[in-house]
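Here is the structure we will look at.
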Amino acid sequence: MEKSNFLLVEDDHLLRMGLKSMIDMHDGYTCGSDVATGREALHSFRRNPADIVLLDLQLPDMFGTEVLKKLRKIDKQVKVVVLTAHENGDFLYETLEYGANAYVLKSENPEELFMAIKCALNDDLFISPKLTKNIIKDYIFTTRQRKGLSSLQNLTPREIDVVKLIFKGKKSREIAEILAISVKTVDKHRSNILQKIGIHTFNELRQGGMYFLDLLNQN
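Going by our numbering, the letters in the sequence shown line up with residues 8 to 226, in that order.
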């Protein structure tokens, strides 16, 4: 059976040697080249294209995402497994945007790495399970923000002024004095705001706290 050829890109010498040894010991895999920098990786890949690239993000000469982008320009089909210590969602989403097939944390066990490699070779996406909670949180926040912003865009400038004053703890009479309008008009604005945002009480709005204030400040 023909073995899948690896290009290993890792600047930590001891870790690189350990990974190379694990890859070579695994049935069906061979580490054809191991390098410590992004430039070496690109040079090696052009000279001897690999089936799969195991890529660290924190390299001494360029960030791993730059290497990933350049690899994709050379070969759109090569499988790229990112192996990193970065748990930040921004790094994860950026590497996925640039075409990474897997994102694995260095803190996890070798079984997870080889599971990621197998997924990548099968054209499946793999992300370290430890990051799943953060992905879900980001998704929920983004969805809420999109829905909230959509509803807030329906508010008139005057209604937005009223909401901001409500967040400051102002009562209808105080809002009326500040905005130089009648209390009856303030109450009408309050009713319209609740209807447009799709909530029943302003306590629900206050529960959104800084989230809703951030959205209001975008308007």
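Even for Gly, the Cβ is constructed at its ideal location relative to N, Cα and C. Here the structure is a predicted model, which is why all the values come from computation and not from measurement.
Determine, using beta carbons only, whether Val111 and Val88 come nearer to each other than 8 Å.
-> yes
Can you give me the start and stop residues for the alpha helix (DSSP H) that Tyr105 sits inside?
-> Looking at the DSSP string, Tyr105 is not in any alpha helix (DSSP H), and its letter there is neither H nor E.
Taking the alpha carbon of Glu17 as the point to measure from, which residue in Ser11, Ala48 and Asp63 has its own alpha carbon closest?
-> Asp63
Inter-residue spacing [alpha-carbon to alpha-carbon] between Lys6 and Asp194 | Residue 6 lies beyond the residue range present for the chain, which begins at 8 and ends at 226; the question has no answer from this structure.
Asp194 by DSSP, collapsed to three states: which one?
-> helix
Out of Asp97, Leu22 and Leu138, point me to the one whose CA is closest to Leu61's CA.
-> Leu22
Can you check DSSP and say which residues form a bridge with Val87?
-> Val60
If we ignore side chains and look at the alpha-carbon of each, how far apart do Asp131 and Phe70 end up?
-> 24 Å
Considering only the beta carbon of each residue, do Tyr105 and Thr72 sit closer than 8 Å?
-> yes
Taking the CB atoms as reference points, tell me whether Ile59 and Ser135 lie closer together than 8 Å.
-> no
Evaluate Asn129 with the Cβ neighbour count: other Cβ atoms within 10 Å of its Cβ, from every protein chain shown; 16 or more gives buried, anything less gives exposed.
-> exposed
Enclosing beta strand (DSSP E) for Gly39 [first to last residue] = Tyr36 to Val42
Could you tell me how far apart the beta carbons of Lys125 and Leu162 are, in whole angstroms, since I believe they sit closer than 8 Å?
-> Not a contact, Cβ separation roughly 51 Å.
Helix, strand or coil at Ser189 [DSSP, three-state] = coil
According to DSSP, is Gly201 helix, strand or coil?
-> At residue 201 the sequence reads Leu, which differs from the Gly that was named. Helix.
Beta carbon of Ala109, beta carbon of Ala92: below 8 Å?
-> no
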